[in-house]
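Residue numbers (the working numbering), protein chains in the order written: chain A, 1 to 273; chain B, 274 to 478.
Before any comments, here is the structure.
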């Protein structure tokens, strides 16, 4: 009983310290816990695998550095998969800060596959306007895009000239941290033009997307860092998402233990009263 | 060189923010104020360079399209409440915005959300594998019982009360899943920061 009373009054900083250690130690000393592949992630992979070479994949970087930890690893793994399959990547963003992150991802992956800017990949930059912009983009890209992110005329790039309407976009992959993001692509773009939409969201947003997976409006989903780790496993790219999975699992176990102890303390206090 | 300076600044600011976990302190306050100031400046530039300049001032100033004076006037009416005598003018831009937004949202919500989601509940219960049948049945029952919970025209008593309670259980499962995912997201952010400190800053991994 004394132990429970002591635990009830434990300094919360000790809990912070334990959680911190549980996150840091597995990063320093990896355990290599297995990463199982779930169906929504497999669906994204299969969709990309099914595309013929040269197909155009729209990558919408709809997040900012606040969600970088969860979505950037997925962005890297996805772009690597596209380049490995010789697909062309047409990048844009519904969040202004996403554009720089998208360029970082290109800088990291494109040289590995000798991909050329404007031919194999392009970044058309931040596109404000939410639903109106997406509906116009699908109807006529020229009404929305006249230059790339750096202000170079879009017609000076072969890939820029190749995308005229939604019909030229084989798949849309959105990396989404909120609004505007994946819901706009599903509710507006998919509903109006019928394009295949895949997504990668922060873990908080992931449960909301399952209804769209069930209805077929969303074909595949990478949910949070776990989804990114699964994709890294599928494309055989052992990077930061897989590295973080050991920490994620151990912290989760620790939190489950805390929840159980907290409930035991609560029940024992209720019984006393 | 610039990258290293950036990494050092980011690392020190990360530690400054985490110092709040021990207790509130001046270093945390400095980092917090830097964040607020940088964010405000950043968004001011984003709004000017992505919204105001290309969509409004560039066509007006560079192309001499005088029609763009109309949206400027309508936009300025948003500030009308600051002058009590003409505060009613704010209704004009608000009505315009509401009209356009509602037209967009109503059409697309019906087309992109309500109809496909209702269609997704028309699921087969026979002629499918057992697991699929149970899964489909749970979705159908979950939708029906949850909708019953939100039916407020009759008191939740008797059969309606039992159905509403079952609806609550379905929602509880949904909230539990969301809470689990929320914890996962927060831990992922912590891991991301730790990865940055250990990999990009200290080069330990």
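Beta carbons are placed, not taken as given, at the ideal position from N, Cα and C, and that holds for glycine.
Open item on the list: Judging by CA-CA distance, which residue of 215/A, 188/A, 223/A and 187/A is the nearest neighbour of residue 199/A?
Closed with: Residue 199/A has its Cα closest to that of 223/A, out of 215/A, 188/A, 223/A and 187/A.
- Task: May I ask which residues mark the beginning and end of the alpha helix (DSSP H) holding residue 195/A?
- Result: Note, residue 195/A: premise wrong, no alpha helix (DSSP H); not H, not E.
Are the beta-carbon atoms belonging to residue 84/A and residue 56/A less than 8 Å from one another?
In this structure, residue 84/A lies away from residue 56/A, with their beta-carbon atoms at least 8 Å apart.
> Do residue 105/A and residue 152/A come within 8 Å of each other at the CB atom, strictly closer than that value?
Replying inline: No, the pair does not count as a contact, with Cβ atoms beyond the cut-off.
Taking just the CA atoms, how far does residue 318/B sit from residue 285/A?
With chain A running from 1 to 273 in the structure shown, residue 285/A is simply not present.
query = So, helix, strand or coil for residue 287/B, using DSSP?
reply = When DSSP states are grouped into helix, strand and coil, residue 287/B belongs to the helix group.
Requested in this report: Return the residue from the list 110/A, 227/A and 77/A that minimises the CA-CA distance to residue 37/A.
Outcome: A check of alpha carbon separations from residue 37/A across 110/A, 227/A and 77/A identifies 227/A as the nearest.
Where residue 98/A falls, given that 16 or more other Cβ within 10 Å makes a residue buried:
Answer is buried; the Cβ neighbour count reaches 16.
**Study point:** Beta-carbon proximity list for residue 254/A, same chain, < 7 Å, skipping 5 on both sides
**Key:** Result list for residue 254/A: 18, 19 and 22, in chain order.
Comparing C-alpha positions only, which one of 450/B, 420/B and 445/B sits nearest to residue 436/B?
Put simply, of 450/B, 420/B and 445/B the residue whose alpha carbon is nearest the alpha carbon of residue 436/B is 420/B.
Check: Does residue 118/A come within less than 8 Å of chain B when only Cβ atoms are used?
Finding: Residue 118/A does not count as touching chain B.
Option in 145/A, 143/A, 146/A and 138/A with minimal Cα separation from residue 168/A: The closest CA to that of residue 168/A, considering only 145/A, 143/A, 146/A and 138/A, is found on 138/A.
Worksheet entry | Contact set between the region 209-220 of chain A and chain B, restricted to residues whose Cβ is under 9 Å from the partner | Of all residues in the region 209-220 of chain A, 210, 211, 212, 214, 215, 216 and 217 have a Cβ within less than 9 Å of some Cβ in chain B.
Thinking just about the alpha-carbon of each residue, which of 25/A, 13/A and 242/A is nearest to the one in residue 294/B?
Minimum Cα distance to residue 294/B is reached at 13/A.
| Own chain, CB closer than 7 Å to residue 35/A, minus 5 neighbours either side, in chain order | Excluding five sequence positions before and after residue 35/A, the CB atoms of its chain that fall closer than 7 Å to its own CB belong to 229, 230, 233, 242 and 245, given in chain order.
Q. Got a sec: is the Cβ-Cβ distance from residue 381/B to anything in chain A below 8 Å?
A. By this cut-off, residue 381/B is an interface position.
| field | For residue 54/A, the nearest candidate out of 166/A, 170/A, 39/A and 113/A (CA to CA) | value | For residue 54/A, the closest alpha carbon among the candidates 166/A, 170/A, 39/A and 113/A is that of 170/A.
query = Is it the case that the Cβ atoms of residue 101/A and residue 68/A are separated by a distance below 8 Å?
reply = Using a Cβ distance threshold of 8 Å, residue 101/A and residue 68/A count as a contacting pair.
Q. Taking only beta-carbon atoms, is residue 248/A less than 8 Å away from chain B?
A. So yes, residue 248/A belongs to the interface.
- Item | Member of 391/B, 339/B and 348/B whose CA lies at the smallest distance from the CA of residue 370/B | Distance check between residue 370/B and each of 391/B, 339/B and 348/B places 348/B closest, using alpha-carbon atoms only.
Query raised in the report: Should the region 143-157 of chain A be called in touch with the region 325-345 of chain B, which here means at least 3 C-beta pairs below 8 Å?
Result: Short answer: they don't touch.
- Task: Closer than 8 Å by beta-carbon distance: list the chain B residues that pair up with residue 207/A, in chain order.
- Result: What residue 207/A touches in chain B: 447, 450, 451 and 454.
query = Between the region 413-432 of chain B and the region 250-264 of chain A, do three or more beta carbon pairs fall short of 8 Å?
reply = As far as the Cβ criterion goes, the region 413-432 of chain B does not touch the region 250-264 of chain A, which means the pair count is below three.
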